[in-house]
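Below: one structure, written as structure tokens.
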Amino acid sequence: MDRARLRLLDRRGPAGAGRLEDRRGRIEATSFQLGCYALYAREMLGVEPARVDLLQVNLREPEVTPLTWDDGRLEEIRQQLRLSIRSMRAYLADADANVARLDNFEKTEELRICRWCNFKKVCRPEPMQPAVDVAV
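Per this note's numbering, the very first residue in the sequence shown carries number 50; after that it's consecutive.
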């Protein structure tokens, strides 16, 4: 009898459309996200990659893209996570105490990005005004 499988989905909405270069970047981001899920499944749930179905779901098309993983790809994800954590810790004033200084973080000038950011209340406590075009 075949052992139970774990199915992990990453859904993407209308942002999946656009230029080919943009879509490739989103596919890589989705692939990384699903890889993180697969790593979690192995490390925390004890489910090996061969028993995990990773699916990228594009809600706009509609389209489902299966992604395959193995131990080598999961090790790549682990290394990417380590590098990311190391770079985030570099911003901390005191890494052991997990203390950051706000002025160490660069604020984006692309205010549209702020709508989805988890840190906007800390980074930009002032209310954001929509851009207004003024005719001269």
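Just so you know, even glycine gets a beta-carbon here, dropped at the ideal spot from N, CA and C.
Sub-9 Å separation of residue i and residue j beta-carbons
i: Q105; j: R56; result: no
i: A142; j: D119; result: no
i: R122; j: G95; result: no
i: R127; j: L88; result: yes
C-alpha distance - residue i paired with residue j, whole-angstrom precision
i: A139; j: V101; result: 34 Å
i: L151; j: R54; result: 44 Å
i: N153; j: Q129; result: 23 Å
i: A90; j: T79; result: 16 Å
i: L58; j: M137; result: 27 Å
i: L116; j: E97; result: 15 Å
i: Y86; j: R173; result: 31 Å
i: L169; j: K156; result: A small fix is needed here, since residue 169 is Lys in this sequence, not Leu. Spanning the two alpha carbons is a distance of roughly 10 Å.
i: E124; j: R161; result: 34 Å
i: R131; j: V148; result: 19 Å
i: M93; j: E158; result: 38 Å
i: R164; j: S133; result: 23 Å
Host beta strand (DSSP E) of residue i (start-end)
i: E124; result: E124 -> not in any beta strand (DSSP E); alpha helix (DSSP H) instead, spanning D120 to R138.
i: L160; result: Premise fails: L160 lies in the alpha helix (DSSP H), L160 to C163, not in any beta strand (DSSP E).
i: L141; result: L141 to D143
According to DSSP, residues forming a beta bridge with residue i
i: D152; result: Answer is none; D152 lacks a bridge partner.
i: L57; result: L103
i: L116; result: L103
Cβ-based burial, residue i [other Cβ within 10 Å; buried from 16]
i: N107; result: buried
i: L69; result: With a pLDDT of 43 at L69, under the threshold of 50, the predicted position of this residue should be treated as unreliable, though the coordinate-derived value follows. The residue is exposed, with fewer than 16 neighbouring Cβ atoms inside 10 Å.
N-terminal and C-terminal residue of the alpha helix (DSSP H) that residue i is part of
i: E171; result: First, the amino acid is wrong: residue 171 is Val here, not Glu. From DSSP, the alpha helix (DSSP H) with V171 extends over K169 to C172.
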